[in-house]
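So the protein lines, in turn, are chains A and B.
Numbering of the first sequence is given in our numbering, commencing with residue 25 and proceeding in unit increments.
Numbering of the second sequence is given in our numbering, commencing with residue 25 and proceeding in unit increments.
Even glycine gets a Cβ: it sits at the ideal position worked out from N, Cα and C.
Model, not experiment: these values are computed from the prediction.
Below is one structure; the comments refer to it alone.
Protein chains: 2
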Amino acid sequence: MTLFWRKGFHATSLKDLENALNMKPGSIYAAFNSKEALYLATLERYFERNRDALRQMAEASPSPLKALADHLRSFAGEDGAKPACRACMLIKTLLTATEEDDAIATQARHYLDAMTEEIRAIFEKAKTLGELPESADPARLAQRYQADMTALRIETHRAPATPALKALAEDMAQEVEGMRTWHAA
Amino acid sequence: MTLFWRKGFHATSLKDLENALNMKPGSIYAAFNSKEALYLATLERYFERNRDALRQMAEASPSPLKALADHLRSFAGEDGAKPACRACMLIKTLLTATEEDDAIATQARHYLDAMTEEIRAIFEKAKTLGELPESADPARLAQRYQADMTALRIETHRAPATPALKALAEDMAQEVEGMRTWHAA
DNA sequence: AGGCAATTTGAGTGATCACTCAATAGCCTA
DNA sequence: TAGGCTATTGAGTGATCACTCAAATTGCCT
């Protein structure tokens, strides 16, 4: 997964996969049917992990808004363990996919929609808990939040762990927490 | 430029370039020295066009903040003339470049920094004109604005010309205009 | 220990990759 | 029209691409 994430679909060769999986080409094609199918499987795993992490994070915190804000902040702190795995793999996939890779692009869009829905549910929960006013529109907030997260992760890709990046993450995080209606912090 | 923009560096083959440029491989390598050099030239052209467009837009409007806000709105309205040319080419380049394409990634980062500076200058101008309070930090606002623009353009790539997209652009635009200190509209 | 099915192997497939260069064509001056 | 110089051509280079398959190996049940 890390390999595909780093290099993308086209730039990852079978030889790369052989080394990473420690499998010969025949075994790879016996297990998966094509490079594309393997990529789709990888993408699914990535999506599920991200979705589950988001859910778990939202459930662990008593304040959904605080959880979302901290989630943003977490991207600014990560150090350089994995070089090019900072941007979201779904976004990378969407941008890298050409017209021929229609199946891949479509699937990436599908997962992104699912992520939007996850975020929307968290804002919905915040509303139920009274953290957000009745007038709040969870769908719209979710879209905005996801946009922020996308941009932040790309920025992380651009120049990781700089003070400016931390400031940007903090700006975004406070924007989320600033919507809270009661019990400050 | 459009070709490289759509398909990216790796996915664009020499054959594609031959067709697009109406040149045989020998001529291409006589004019430019390598595929990479050609890509870098393309990237430079893209950057200059974007930079100039931004400058012109800022100079044409009496209100820098209004200009920036309208610029965001403009991305939500574009129809499907060019399929995959919605996301910023600099961002696509940055995300697509692998470790081997270091020169390309470095150049993309350089241009992105230059764009940040352009935006910062516009916020600075807004501050000079009194549209922004003395306490405003143009550099920070520029980074935030660029992040918004990046995310918005990627969102355009995800699903173009939907009401949700227009709403997102409007949210971002109003956030910019909402910072104005005087002469409403 | 022996036999059988399932799996792994890795050399090999044609296609395509970025790229080269000797041959050709085009053009200007005389 | 002849000579000379530059620009273009396109078949060809070795490398690498995703992918295949007959043969060898493995693991499992008796």
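Checklist entry - Just reading off the alpha helix (DSSP H) that B/PRO49 is part of, what are its end residues? => result 49-55
Checklist entry - How many angstroms separate the CA atom of A/ARG133 from the CA atom of B/GLU158? => result 42 Å
Checklist entry - With contact counted as at least three CB pairs below 8 Å, one residue from each stretch, are the segment 136-144 of chain B and the segment 163-180 of chain B in contact? => result yes
Checklist entry - Using DSSP with H/G/I as helix, E/B as strand and the rest coil, what is A/MET25? => result coil
Item to check | Which listed residue (B/PRO86, B/VAL200, B/CYS109) has its alpha carbon closest to that of B/HIS181 | outcome: Nearest option by C-alpha distance: B/CYS109.
Checklist entry - Taking 8 Å as the CB-CB cut-off, is A/GLU60 touching chain B? => result no
Checklist entry - Cβ of A/LEU136 within 8 Å of Cβ of A/MET203? => result no
Checklist entry - Mind listing which residues of the segment 170-196 of chain B have their C-beta closer than 9 Å to chain A's C-betas, in chain order? => result GLN170, ALA171, ASP172, MET173, THR174, ALA175, LEU176, ILE178, GLU179, HIS181, ARG182, ALA183, ALA188, LEU189, ALA191, LEU192, ASP195, MET196
Checklist entry - Nearest chain B C-beta to A/THR66 closer than 8 Å, yes or no? => result no
Checklist entry - Excluding five sequence neighbours on each side, which residues of the same chain lie with their C-beta closer than 7 Å to the C-beta of B/PRO187? => result none
Next on the checklist: Taking 7 Å as the limit between beta carbons, can you name the residues of its chain near A/HIS95, skipping five residues before and five after?
Outcome noted: MET81
Item to check | Beta carbon of B/ALA121 nearer than 8 Å to that of B/ALA129 | outcome: With respect to the 8 Å criterion, B/ALA121 and B/ALA129 are classified as neighbours on the basis of their beta carbons.
Next on the checklist: In whole angstroms, give me the CA-to-CA distance for A/THR66 and A/MET113.
Outcome noted: 10 Å
Checklist entry - Where does the unbroken alpha helix (DSSP H) through A/GLU155 begin, and where does it stop? => result First-last for A/GLU155: undefined, no H or E at that position.
Checklist entry - So what does DSSP say about B/ARG144, is it helix, strand or coil? => result Three-state result, B/ARG144: helix.
Checklist entry - B/THR130: beta carbon under 7 Å from a heavy atom of the ligand ZN? => result Of the ligands one can find in the structure shown there are none, so the ligand ZN has no counterpart to examine.
Item to check | Whole-Å CB distance - A/LEU89 paired with A/GLU201, under 8 Å assumed | outcome: 6 Å
Checklist entry - In whole angstroms, what is the alpha-carbon distance linking A/SER51 and A/LEU45? => result 10 Å
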